[in-house]
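Residue numbers (the numbering used here): 804 to 971.
A virtual CB, placed ideally from N, CA and C, is assigned to each residue, including glycine.
Printed below as a string of structure tokens:
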């Protein structure tokens with residue numbers, strides 16, 4: 804995503820250009836897919852939603868410059884509602900949260916990340932759940948799961964640290 808890199812570098816005009824090009828490219832595909840079925844069109848619809856969120860990220864960053872904190876609060880509220888309304892799928896949530904990391908640190912949105920960890924756990928993807936906890940608490944949390952198995956492997960070299968997490 805060139806748009807993501809442009810947003811990260813605060814080059815908003817370039818980001819908007821890449822968003823527009825992507826939207827134009829996907830527009831013709833989505834019409835045909837929606838005619839077939841919603842499930843087939845979901846990925847394309849989701850990409851369109853991501854593009855809209857990238858535009859909102861630009862707006863959020865501009866609000867920081869203009870000190871329009873009420874608008875930022877409104878955008879965060881919309882993102883939270885949109886996130887909790889999304890399909891309970893690890894890949895979907897992971898992509899949505901990744902976009903928001905451009906402006907919101909995981910430690911500032913703990914509830915959403917804990918919910919995401921729960922989705923990972925229910926989807927039998929414990930290694931991602933462990934990474935979520937590591938990200939939230941900004942410290943490395945060794946996994947107790949063997950990479951070849953989904954069942955816990957409690958060995959002495961994989962014991963969780965007996966240190967309280969660092970919370971900023």
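Of the residues the options, the one placed nearest residue i, counting alpha carbons only
i: residue 853; options: 837, 806, 874 and 836; result: 806
i: residue 884; options: 939, 899, 932 and 872; result: 899
i: residue 779; options: 927, 928, 809 and 933; result: The structure shown does not extend to residue 779, since the chain spans only 804 to 971, so no value can be given for it.
i: residue 931; options: 892, 908 and 912; result: 892
i: residue 919; options: 890, 906 and 841; result: 890
i: residue 907; options: 843, 844, 939 and 842; result: 939
i: residue 909; options: 823, 936 and 894; result: 936
i: residue 855; options: 823, 813, 941 and 934; result: 823
Between the CA atoms of residue j and residue i - distance to the nearest angstrom
i: residue 882; j: residue 825; result: 21 Å
i: residue 815; j: residue 821; result: 10 Å
i: residue 902; j: residue 880; result: 15 Å
i: residue 811; j: residue 926; result: 31 Å
i: residue 848; j: residue 827; result: 13 Å
i: residue 915; j: residue 836; result: 31 Å
i: residue 921; j: residue 873; result: 30 Å
i: residue 887; j: residue 817; result: 30 Å
i: residue 868; j: residue 904; result: 18 Å
i: residue 928; j: residue 860; result: 29 Å
i: residue 851; j: residue 924; result: 28 Å
i: residue 840; j: residue 846; result: 12 Å
i: residue 866; j: residue 894; result: 29 Å
i: residue 896; j: residue 819; result: 23 Å
i: residue 842; j: residue 870; result: 41 Å
i: residue 917; j: residue 804; result: 27 Å
Where residue i falls, given that 16 or more other Cβ within 10 Å makes a residue buried
i: residue 831; result: exposed
i: residue 857; result: buried
i: residue 912; result: buried
i: residue 878; result: buried
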